[in-house]
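Heads up: the sequence shown begins at -6 in the numbering used here, then just goes up one per residue.
Quick reminder that beta carbons are idealized off the backbone N, C-alpha and C, glycines included.
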Amino acid sequence: MLDFNEQMKKLKSVKGYLGAAILNKEGETLYLDEEGTNSDIAYSASIFNDAFLEIGESAIDIGFSTANMLEARTIDGHVFLVKSIGEENSANRLTVFSIFESGGNVPLAKMVIDRSATKVMAVLSDL
């Protein structure tokens, strides 16, 4: 069985980390860490996942491929990162959602998410 806690440990150590969630293709929450914030991460992840899917569909509508990463910054200093993991139509497709303070190490967070995504997909392909 896949231990998301182990895969997310490095992301949680990145400066500015506030919380994260991993959702399956249907939008169900598989992993949730909301200890670093007073926000409802599960709800936030669901809202951003829907928006992320809409952005992907819009990209396809104008002749590009679907989106696989989204970074959104708020005026009050928060950064939302949304990353798609896996093949577009795969049953194992996952979405990683995370929130950081804007003064945190967001570039490192993106690298960690990419590396964790590779590890998660390797484990899922072995299941």
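Residues near T35 by beta carbon distance below 8 Å, same chain, minus five either side: The residue you asked about is not Thr; residue 35 is Ala in the sequence shown. Annotation for A35: A14, T22, L25 and E27 place their beta carbon closer than 8 Å to its own, counting only its chain and skipping 5 residues before and after.
Identified DSSP bridge partners for T88: Partner(s): L16 and S77.
Three-state secondary structure assigned by DSSP to A65: Strand.
Candidates T67, F45, N98 and K8: closest to I78 by CA position: Looking at the Cα atoms, F45 is the closest of the given residues.
Beta-carbon gap between V89 and I106 smaller than 8 Å: Between V89 and I106, the gap from beta carbon to beta carbon is short of 8 Å.
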